[in-house]
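Engineer: Starting off with a structure, shown below.
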Amino acid sequence: MAIKDLPDTEYVLAGSAACPGCPATIGLRIVLKALGKNTVMIVPACCTAVIESVYPNTSFDIPVMNIAFEAAAAGASGVEAGLRMQGKKDTTVFAWAGDGGTYDIGIQALSGAIERQTNFIYICYNNQIYSNTGIQRSGATPLGAWTTTTVGGKTEVRKEMGDIIRAHHLPYAAQACISYPEDLYNKVKKAKSIKGPKYIEILAPCPPGWHFPMEKTVDMGVLAIETGAWALYEFENEKMIFNGKSKLLLEKKIEPKPVEEWIKYQGRFRHLFKPTRDEKTLKAIQDNTDIIWERYRKCYL
Amino acid sequence: MRKRMQCKSNNHGKGGATMKNIIINTGNYSAAKAAVMAKPDVVAAYPITPQTTLVESIANYIASGEYKGEYICVESEHSAMSACIGASATGVRTFTATSSHGLLHMHEMLHWAALARLPVIMCNINRVIGPGWNIWADENDSISQRDTGWIQFYCSSNQEIFDTVIQAFKLGEHKDVALPVMINYNAFILSHTSMPAEIPSQKEIDDYLGKYQPLWRIDPENPVTFGNIIMPADYEKVRRAMQYAHENAKRLIPEIAQDWKKKFGRFNGNLIEKYRCEDAEVILLAMGAIAAESKVSIDNLRKEGYKIGLARVRTFRPFPAEEIVKLAKKTELIVIDRNISCGYEGALFTEVKSALYNKSDAKVSGFIAGLGGKDVTYNHIEDMCKKAIKGKLKETVWYGFEEVKK
Numbered sequence: 001m002a003i004k005d006l007p008d009t010e011y012v013l014a015g016s017a018a019c020p021g022c023p024a025t026i027g028l029r030i031v032l033k034a035l036g037k038n039t040v041m042i043v044p045a046c047c048t049a050v051i052e053s054v055y056p057n058t059s060f061d062i063p064v065m066n067i068a069f070e071a072a073a074a075g076a077s078g079v080e081a082g083l084r085m086q087g088k089k090d091t092t093v094f095a096w097a098g099d100g101g102t103y104d105i106g107i108q109a110l111s112g113a114i115e116r117q118t119n120f121i122y123i124c125y126n127n128q129i130y131s132n133t134g135i136q137r138s139g140a141t142p143l144g145a146w147t148t149t150t151v152g153g154k155t156e157v158r159k160e161m162g163d164i165i166r167a168h169h170l171p172y173a174a175q176a177c178i179s180y181p182e183d184l185y186n187k188v189k190k191a192k193s194i195k196g197p198k199y200i201e202i203l204a205p206c207p208p209g210w211h212f213p214m215e216k217t218v219d220m221g222v223l224a225i226e227t228g229a230w231a232l233y234e235f236e237n238e239k240m241i242f243n244g245k246s247k248l249l250l251e252k253k254i255e256p257k258p259v260e261e262w263i264k265y266q267g268r269f270r271h272l273f274k275p276t277r278d279e280k281t282l283k284a285i286q287d288n289t290d291i292i293w294e295r296y297r298k299c300y301l
Numbered sequence: 302m303r304k305r306m307q308c309k310s311n312n313h314g315k316g317g318a319t320m321k322n323i324i325i326n327t328g329n330y331s332a333a334k335a336a337v338m339a340k341p342d343v344v345a346a347y348p349i350t351p352q353t354t355l356v357e358s359i360a361n362y363i364a365s366g367e368y369k370g371e372y373i374c375v376e377s378e379h380s381a382m383s384a385c386i387g388a389s390a391t392g393v394r395t396f397t398a399t400s401s402h403g404l405l406h407m408h409e410m411l412h413w414a415a416l417a418r419l420p421v422i423m424c425n426i427n428r429v430i431g432p433g434w435n436i437w438a439d440e441n442d443s444i445s446q447r448d449t450g451w452i453q454f455y456c457s458s459n460q461e462i463f464d465t466v467i468q469a470f471k472l473g474e475h476k477d478v479a480l481p482v483m484i485n486y487n488a489f490i491l492s493h494t495s496m497p498a499e500i501p502s503q504k505e506i507d508d509y510l511g512k513y514q515p516l517w518r519i520d521p522e523n524p525v526t527f528g529n530i531i532m533p534a535d536y537e538k539v540r541r542a543m544q545y546a547h548e549n550a551k552r553l554i555p556e557i558a559q560d561w562k563k564k565f566g567r568f569n570g571n572l573i574e575k576y577r578c579e580d581a582e583v584i585l586l587a588m589g590a591i592a593a594e595s596k597v598s599i600d601n602l603r604k605e606g607y608k609i610g611l612a613r614v615r616t617f618r619p620f621p622a623e624e625i626v627k628l629a630k631k632t633e634l635i636v637i638d639r640n641i642s643c644g645y646e647g648a649l650f651t652e653v654k655s656a657l658y659n660k661s662d663a664k665v666s667g668f669i670a671g672l673g674g675k676d677v678t679y680n681h682i683e684d685m686c687k688k689a690i691k692g693k694l695k696e697t698v699w700y701g702f703e704e705v706k707k
């Protein structure tokens, strides 16, 4: 599958209210190409609730049910049951939530829905902050990153949501990135074909949130993969399969770029470089990335 | 035709005579029976004392095959209401039940269901809010959900619970209402007390309720975005439409109950149930189990020569203001609240006085009684009535604390 082979049909319509360079719309565009028309989307409070435009207009050509911040997975459980009871078993139900709505406020409902083996896809587009409310820290915000609530840089490491998800022993989970559309498309297609709960997390570099120029969204995703700050993988039948460059990194067939190569382009880490280099924090960020990869190798190689 | 079907469905082999199917069971069982007979496609619920026996009954009906809906055993009440909202948005009938802290945990989604105009039907078993932990009767849980946009019923018998649950589906799903409905009844006093209740046949319930026709639904054939950003002028229209729906409910609640009476002969259906009010000079207003107990008090006080009646308030929202004004034309009123809006007074007391403002100068006395599940017997109620009639009560009286210094 090459990018030119993706279906032409667009379900994310022109004229949405997204910021220029928005990764959520890039990701959702590909996701909906994979899911097709017979799809229902459940959206909690997140950027997409703004992107979808103002009533009575909409940016999306599929039915969308907005729901409260922490309620995406529970709402999706109800939608799935309601459609199934009407015999509409072919309709794909998917929740589309940010990292705040997934890692933090929505984790309980998500855990419950997966544990109940709800037949749905939960997709988290992870921009590592509460961006819709104006850049506050979330459980997905990485160590050292500035946000409006971590003014001197975040002092804690981010949550490993993938580990938490895999602990539910669900049939399919994956990590993707908006910079790799074919990989994302294939993962969503696969998720659609599997019964039961599926979880996909998409790294979504956010220009205003991370403070980088809007034309660099895709580059920021590529660098996240190449430095190992993010990994592409699939978890199917209790087996982990790393994809693309992440596979080569795991097998040490290529050397990761230093994480600094990723963060130096992002204004949210500027305080680590100016006025003086914060060697201690920079090392901690690199060490934390190395620890994650060593654990991946220990568990999945 | 109807009569013949009734005979057939209730024929227990006694020469074809119409037999009544009467169960003797708890309020929770009666509610569960009504819920499954309404055939909701989706139930989503989380256990909480004293609601548990209700949802356990539903699980048993599924196990026995009597109920063929989907019971989503969610991980919290917040998710219970969220799942009901999701299911209802697909256009199917939904039901849940909760109590006390569970209801409070749902609070955000109660607003969501009402604003989405989804007729989720829910039983709430009125129970104390902690701390400290206490599982007995108290109405502060549902009273504190007053402004969520839900229709609120307060029941006083198991028969009324059964009838009201069925009628709630008809009411909430009516195109002129399209609102969620909360059926409240007191913890243990009703939820766990066995009383007789007459149960119609499934066919009769099916005929009475008909098929749910939603105003809107999530449908890939007709993709709409529900609940996106809405500008102030449109939002205000949504709220105004909800208010109109409540006003429609005021009209439809008795109509729907009349329809029920025509079919089943029983009437539990006015916004206010009046008891011996005809020549009354004093009328007692109360809700729930205290109101049921009050009937005994009214009889006793009548024997003593008091011209007193009872107005049992069945619907707290919509509030029966017009009926209360009518009641107060020639009478003084006494209100007993099993709730307290701290910093002011009992909620029913406030609402009653508000209804009378500029329309009546009737004397109104207010009592707080039975909080934390404290027993309120007919003796206590008689005592309260006598104190109100004799005394010049200027503020809310905490019954049982009159002699205690603040």
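In order, the protein sequences belong to chains A and B.
Residues 1 to 301 (this note's numbering) make up the first sequence, in order.
Residues 302 to 707 (this note's numbering) make up the second sequence, in order.
No residue lacks a Cβ here, since even glycine has one placed at the ideal position from N, Cα and C.
(1) Scan the region 12-29 of chain A for residues whose Cβ lies nearer than 7 Å to a Cβ of chain B and list them as they occur along the chain.
(2) To the nearest angstrom, how far is it from the Cα of residue 451(B) to the Cα of residue 571(B)?
(3) Give me the Cβ distance between residue 81(A) and residue 388(B), rounded to the nearest whole Å; I'm assuming they're in contact under 8 Å.
(4) Express the C-alpha separation of residue 266(A) and residue 183(A) in angstroms, rounding to a whole number.
(5) Between the region 188-207 of chain A and the region 115-125 of chain A, do at least 3 Cβ pairs fall closer than 8 Å?
(6) Give a yes or no on whether the C-beta atoms belonging to residue 565(B) and residue 497(B) are separated by under 7 Å.
(7) So which residues on chain B does residue 42(A) lean against when the C-beta distance must stay under 8 Å?
(8) Of all the beta strand (DSSP E) runs that stay within the bounds of the region 104-135 of chain A, which reach a length of 3 or more residues?
(9) Helix, strand or coil, according to DSSP, for residue 699(B) in the structure here?
(10) I'd like to check one pair, residue 43(A) with residue 66(A): are the Cβ atoms closer than 7 Å?
(11) Which residues in the same chain have their Cβ closer than 6 Å to the Cβ of residue 228(A), if we skip the five residues on either side of it in sequence?
(12) Would you kindly report the start and end of the unbroken beta strand (DSSP E) that includes residue 578(B)?
(13) Given residue 201(A), which residues of its chain have a CB within under 6 Å of its CB, disregarding the five upstream and five downstream residues?
(14) So who's on the other strand from residue 201(A), going by DSSP bridges?
(15) Quick one: what does DSSP say residue 137(A) is sitting in, helix, strand or coil?
(16) Give the single residue among 536(B), 633(B), 380(B) and 644(B) whose Cα lies nearest to the Cα of residue 580(B).
(17) Could you name the residues of the same chain whose beta carbon sits closer than 7 Å to that of residue 492(B), not counting the 5 residues immediately before and after it, in chain order?
(18) Using the Cα positions of residue 213(A) and residue 28(A), report the straight-line distance between them to the nearest angstrom.
(19) What residues of chain B sit near residue 3(A), judged by a beta carbon separation below 8 Å?
(20) Tell me the DSSP secondary structure of residue 96(A) in three-state form.
(21) Say whether chain A places a C-beta atom closer than 7 Å to the C-beta of residue 343(B).
(22) How would you label residue 559(B), buried or exposed, when you count the other beta carbons within 10 angstroms and need 16 or more for buried?
(23) Tell me which residues share the same chain as residue 475(B) and place their Cβ nearer than 7 Å to its Cβ, disregarding the 5 neighbours each side in the sequence.
(24) Checking contacts by CB at 7 Å: is residue 58(A) closer than that to chain B?
(25) From residue 643(B) to residue 697(B), what does the alpha carbon distance come to, in whole angstroms?
(26) Taking 8 Å as the threshold, find out whether the region 368-381 of chain B comes into contact with the region 398-406 of chain B through three or more Cβ pairs.
(27) Using the C-alpha atoms, what's the distance from residue 372(B) back to residue 628(B)?
(28) Looking at chain A, which residues of the region 647-676 of chain B have a Cβ within less than 9 Å of any of its Cβ atoms?
(29) Starting from residue 207(A), follow the alpha helix (DSSP H) in both directions and report where the run begins and ends.
(30) Would you say residue 292(A) reaches chain B, if we count a Cβ-Cβ gap shorter than 7 Å as a contact?
(31) In angstroms, rounded to a whole number, what distance separates the CA positions of residue 454(B) and residue 483(B)?
(32) Going by beta carbon distance, what residues of the same chain come within less than 7 Å of residue 363(B), once the five residues before and after it are set aside?
(33) DSSP three-state label for residue 597(B), please.
(34) What separation, rounded to the nearest whole angstrom, lies between the Cα atoms of residue 609(B) and residue 603(B)?
(35) Take every Cβ of the region 14-33 of chain A, pair it with every Cβ of the region 68-78 of chain A, and state whether three or more of those distances are shorter than 8 Å.
(36) Along the region 528-541 of chain B, what residues have a CB closer than 8 Å to any CB found in chain A?
Structural biologist: Put simply:
(1) Within the region 12-29 of chain A, no residue has a Cβ that lies closer than 7 Å to any Cβ of chain B.
(2) Going from the Cα of residue 451(B) to the Cα of residue 571(B) covers about 17 Å.
(3) Indeed, because the Cβ distance is near 5 Å, the residues count as touching under 8 Å.
(4) Going by C-alpha positions, residue 183(A) is about 25 Å away from residue 266(A).
(5) Touching, yes, given that three or more Cβ pairs across the two stretches are closer than 8 Å.
(6) It is not a contact, given that the beta carbons lie outside the stated cut-off.
(7) Here the neighbours are 387.
(8) Counting only unbroken stretches of 3 or more residues, the beta strand (DSSP E) elements lying wholly within the region 104-135 of chain A are 121-126, in sequence order.
(9) Reduced to three states, the DSSP call for residue 699(B) is strand.
(10) Closer than 7 Å, so yes.
(11) Around residue 228(A): 249, 256, 289 and 293.
(12) In this chain, residue 578(B) is not harboured by any beta strand (DSSP E), its DSSP state being neither H nor E.
(13) Take residue 201(A), set aside five residues on each side of it, and the residues of its chain with a beta-carbon closer than 6 Å to its own are 124, 126 and 175, in chain order.
(14) Per DSSP, 124(A) and 175(A).
(15) Judged by DSSP in its simplified three-state form, residue 137(A) adopts coil rather than helix or strand.
(16) Of 536(B), 633(B), 380(B) and 644(B), the residue nearest in Cα terms is 633(B).
(17) Excluding its 5 nearest sequence neighbours in each direction, residue 492(B) has C-beta neighbours in its own chain below 7 Å: 327, 328, 329, 351, 426 and 486, listed in chain order.
(18) When rounded, the distance between both Cα atoms is 21 Å.
(19) Under the 8 Å cutoff, chain B gives no residues; its nearest Cβ is about 26 Å from residue 3(A).
(20) If DSSP states are grouped into helix, strand and coil, residue 96(A) belongs with the strands.
(21) Yes, contact with chain A.
(22) Of the other Cβ atoms in all chains shown, fewer than 16 fall within 10 Å of the Cβ of residue 559(B); this residue is therefore exposed.
(23) Within the same chain, residue 475(B) has close Cβ partners 553.
(24) With 7 Å as the cut-off, residue 58(A) counts as an interface residue toward chain B.
(25) Roughly 12 Å between the two C-alpha positions.
(26) Proximity of the region 368-381 of chain B to the region 398-406 of chain B meets the contact definition, three or more beta-carbon pairs being nearer than 8 Å.
(27) If you draw a straight line from the Cα of residue 628(B) to the Cα of residue 372(B), it is about 44 Å long.
(28) In summary, no residue of the region 647-676 of chain B has a CB separated from any CB of chain A by less than 9 Å.
(29) Per DSSP, residue 207(A) belongs to the alpha helix (DSSP H) from 207-210.
(30) Not flagged as an interface residue toward chain B: residue 292(A), since no C-beta distance is shorter than 7 Å.
(31) Linking residue 454(B) to residue 483(B) through their CA atoms gives a straight-line distance of about 6 Å.
(32) Here the set comprises 372.
(33) Residue 597(B) carries a helical assignment under DSSP once its states are collapsed to helix, strand and coil.
(34) The alpha-carbon atoms of residue 609(B) and residue 603(B) are separated by roughly 7 Å.
(35) With the cut-off at 8 Å, the region 14-33 of chain A and the region 68-78 of chain A do not touch.
(36) Residues 528, 529, 530, 531, 532 and 535.
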